[in-house]
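Just below is one structure, and these are the notes that go with it.
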Amino acid sequence: MINDRLALLRDYPFRRLSALLNGLAPPSGVPPIVMSIGEPRHAYPRFVTEILTREAESWGKYPPTPGTASFRAAVGDWLARRYRLADGVLDPDRQVLPVAGTREALFALALAVVPPDKAGRRPAVLIPDPFYQVYSGAAVMAGAEPVYLPTTAESGFLPDFDAVPEQVLARTALVYLCSPANPQGTIADLDYLRALVGRARDHDFVLAADECYSEIYDRSPPPGVVEACAGLGDDMAHVIAFHSLSKRSSVPGLRSGFVVGGADLIGHFARLRMYTGGVTPLPVLAAAEALWRDEIHVEENRNLYRAKFDIAEQMLAGRAGFYRPPGGFYLWLDVGDGEAAARRLWTEAGVKVMPGAYLSREGAAAPGRAYIRVALVPDRDTTADAVDRMAAVL
Ligand SMILES: Cc1ncc(COP(=O)(O)O)c(C=O)c1O
């Protein structure tokens with residue numbers, strides 16, 4: 001007895017890539033370099049280990065779903081600093097929840113907000129295409145129809161909400177937005193965010209802003225929905241943002257992030273989370289608190305990515321539609337046929353990259369098909385080696 005919806009989940013991109021490269025090998029004597037997965041590999045701050053050890057006694061306790069008051073305060077202070085919020089704009093005790101990495105929370109949110117029907121019809125969940133796979137899985141498992149909005153070079157790599165028909169907006173329950181975007185690195189500006197918040201309120205849907213790359217940027221810090229809502233002189237009704245330590249602090253294994261949103265929405269989400277159980281252990285909350293209070297390691301992290309983008313720019317400028325993204329840590333290269341390029345880069349250069357098709361919806365019109373995504377996550381020298389080898393093939 002299995003939920004039929006499971007059969008609608010596509011194979012995860014990494015499985016599809018393994019199938020594509022099955023039986024193929026890098027040239028002999030060439031050490032393989034994996035850049036297909038967005039797993040940060042910079043060193044994480046050592047104080048994390050110290051805090052986990054110091055707090056070890058509390059592995060013996062069940063963590064509360066809303067986390068600790070001091071964790072929520074650290075997050076509230078970070079949000080106020082990061083988005084220049086006036087005092088009292090946010091109430092962390094009512095608007096912030098810890099999450100065990102944003103992935104589980106992005107998924108669970110759909111279960112909390114997608115109703116059985118909307119405007120008498122099957123609810124829609126709007127998803128940028130290409131997209132982080134969890135958005136579509138969440139929509140499907142919540143019983144909604146995933147509606148993909150193409151994000152192409154022509155549309156500035158952001159979904160065009162003006163192009164969404166009114167009938168679709170009327171039955172939209174949830175919209176996922178990713179800024180900085182995975183894979184393209186695009187940053188939505190404040191006007192774009194404000195307009196989308198307005199739409200969420202007018203059409204009564206929830207805006208889920210995936211901002212897990214918000215701290216990995218090239219020049220200026222990306223705006224966020226917290227800031228957009230504050231600028232509207234309103235609380236965060238209909239809006240929820242997802243923030244993670246995985247990319248910011250290079251601790252994907254810690255499984256720690258938070259959500260911040262309208263107090264009502266956060267209350268409903270907290271109620272669901274009592275059942276789904278996405279709690280954060282107390283020692284992890286203590287380490288996370290210290291990480292959100294420290295910016296030195298984050299600036300070092302950003303500088304390392306900038307140095308790697310410098311290298312990529314030197315070696316790839318003018319090739320495969322290279323551009324330097326304003327945010328995130330991916331190259332998004334237009335190679336004509338992403339699957340063919342991924343196979344060649346593996347067999348001729350020993351570099352593993354992700355075909356854009358696996359990050360897009362199915363079908364010949366999928367906007368990712370012509371691209372490859374390259375995660376600049378290895379150390380500087382390894383990245384330089386990889387980009388050099390890629391330049392030779394491309
Ligand atoms: C766009 C996007 N959202 C969310 C996540 C999930 O990150 P985490 O669960 O580590 O916070 C990722 C991870 O790669 C991602 O690329």
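Mapping of the sequence shown onto this note's numbering: position 306 corresponds to residue 306, and the numbering continues sequentially without gaps. Don't be surprised by glycine CBs; every beta carbon is placed ideally from N, CA and C. Because the structure is a prediction, the values reported are computed rather than measured.
1) Ignore the nearest five residues each way along the sequence and tell me which others in Arg-380's own chain have a CB closer than 8 Å to its CB.
2) Classify His-42 as helix, strand or coil using the three-state DSSP reduction.
3) Using the Cβ count rule (16 or more neighbours within 10 Å means buried), how would you classify Gly-224?
4) Does the distance from the CB of Leu-174 to the CB of Val-226 come in under 7 Å?
5) If you draw a straight line from the C-alpha of Glu-313 to the C-alpha of Trp-346, how long is it?
6) Note the first and the last residue of the continuous alpha helix (DSSP H) segment covering Ala-80.
7) List the endpoints of the continuous alpha helix (DSSP H) containing Ala-287.
8) Are Leu-359 and Pro-183 closer than 7 Å when you measure CB to CB?
9) Does at least one heavy atom of ligand 1 sit under 6 Å from the Cβ of Thr-186?
10) Output the boundary residues of the alpha helix (DSSP H) element that contains His-297.
11) Compare the Cα-Cα distances from Ile-296 to each of Glu-339, Tyr-275, Arg-248 and report the closest residue.
12) Using 8 Å as the cut-off, can you tell me whether the stretch 250-265 makes contact with the stretch 38-57, which would need three or more C-beta pairs spanning the two stretches below that distance?
13) Which residues bound the beta strand (DSSP E) around Glu-145?
14) Cutting at 7 Å between CB atoms, please list the residues of its own chain near Glu-289, excluding the five before and the five after it.
15) DSSP three-state label for Gly-327, please.
16) If I measure Cβ to Cβ from Asp-264 and keep anything under 8 Å in the same chain, skipping five residues before and after, which residues do I get?
17) Could you give the uninterrupted runs of the alpha helix (DSSP H) lying entirely in the stretch 94-146, keeping only those of 4 residues or more?
18) Leaving out five residues on either side along the sequence, give the residues of the same chain with a beta carbon under 6 Å from the beta carbon of Leu-394.
19) Can you tell me the Cα-Cα spacing of Leu-149 and Ile-51, whole angstroms?
20) Evaluate the contact criterion for the stretch 55-62 versus the stretch 273-282: three or more CB pairs, one atom per stretch, below 8 Å.
21) Nearest-angstrom Cα distance between Asp-235 and Ala-105?
22) Report the rounded CA-to-CA distance for Arg-54 versus Gly-67, giving the unit in angstroms.
23) Would you report the Cα separation of Asp-93 and Ala-19, rounded to the nearest angstrom?
24) Taking 6 Å as the cut-off, is the CB of Gly-101 close to at least one heavy atom of ligand 1?
25) What are the partner residues of Gly-257, as DSSP defines its beta bridges?
On the basis of the coordinates in this document:
1) As a first step, residue 380 is located in the sequence shown; it is residue number 380 there, counting from the start. Closer than 8 Å at Cβ, skipping near neighbours: Leu-304, Ala-307, Lys-308, Ile-311.
2) The sequence position of residue 42 within the sequence shown is 42, counting from 1. The answer is coil: DSSP assigns His-42 none of H, G, I, E or B.
3) Against the sequence shown, residue 224 aligns to sequence position 224. Answer is buried; the Cβ neighbour count reaches 16.
4) Stepping through the sequence shown from its first residue, residue 174 is reached at position 174. Stepping through the sequence shown from its first residue, residue 226 is reached at position 226. In this structure, Val-226 does not lie closer than 7 Å to Leu-174 by Cβ.
5) In the sequence shown, the residue the question calls residue 313 occupies position 313. In the sequence shown, the residue the question calls residue 346 occupies position 346. Going by the C-alpha atoms only, they are around 21 Å apart.
6) In the sequence shown, the residue the question calls residue 80 occupies position 80. That run of the alpha helix (DSSP H) goes 69-82.
7) As a working mapping, residue 287 is identified with position 287 in the sequence shown. Element bounds for Ala-287: 282-292.
8) As a position in the sequence shown, residue 359 is number 359, starting the count at 1. As a position in the sequence shown, residue 183 is number 183, starting the count at 1. Yes, Cβ-Cβ distance for Leu-359 and Pro-183 is below 7 Å.
9) As a working note, residue 186 is residue 186 in the sequence shown. Because no heavy atom of ligand 1 lies under 6 Å away, the Cβ of Thr-186 does not count as near it: no.
10) Taking the sequence shown and counting its residues from 1, the one referred to as residue 297 is at position 297. First-last of the alpha helix (DSSP H) with His-297: 296-316.
11) Residue 296 sits at position 296 when you count from the first residue of the sequence shown. Out of Glu-339, Tyr-275, Arg-248, Arg-248 has the C-alpha closest to the C-alpha of Ile-296.
12) yes
13) Mapped onto the sequence shown, residue 145 falls at position 145. 145-150 is the span of the beta strand (DSSP E), which, as asked, contains Glu-145.
14) Translated into the one-based positions of the sequence shown, residue 289 becomes position 289. Excluding residues within five positions, the ones whose Cβ falls inside 7 Å are Ser-70, Phe-71, Ala-74.
15) Position 327 of the sequence shown, counted from the start, is the residue given in the question as residue 327. In this structure, Gly-327 counts as strand in the three-state DSSP scheme.
16) For the purposes of this step, residue 264 is taken as the residue at position 264 of the sequence shown. Contacts found: Ala-237.
17) 102-113, 133-141
18) In the sequence shown, residue 394 corresponds to position 394, counting from 1. The residues are Arg-319, Ala-320.
19) In the sequence shown, counting from the first residue as 1, residue 149 sits at position 149. In the sequence shown, counting from the first residue as 1, residue 51 sits at position 51. Each residue's alpha carbon lies about 43 Å from the other.
20) yes
21) For the purposes of this step, residue 235 is taken as the residue at position 235 of the sequence shown. For the purposes of this step, residue 105 is taken as the residue at position 105 of the sequence shown. Going by the C-alpha atoms only, they are around 21 Å apart.
22) In the sequence shown, counting from the first residue as 1, residue 54 sits at position 54. In the sequence shown, counting from the first residue as 1, residue 67 sits at position 67. Roughly 18 Å separates the two Cα atoms.
23) Translated into positions along the sequence shown, residue 93 becomes position 93. Translated into positions along the sequence shown, residue 19 becomes position 19. Those two C-alpha atoms are separated by around 46 Å.
24) As a first step, residue 101 must be located in the sequence shown, where it is residue number 101. At least one heavy atom of ligand 1 is nearer than 6 Å to the Cβ of Gly-101, so yes.
25) On the sequence shown, position 257 is the one that residue 257 refers to. DSSP lists Val-99, Ser-244 as partners of Gly-257.
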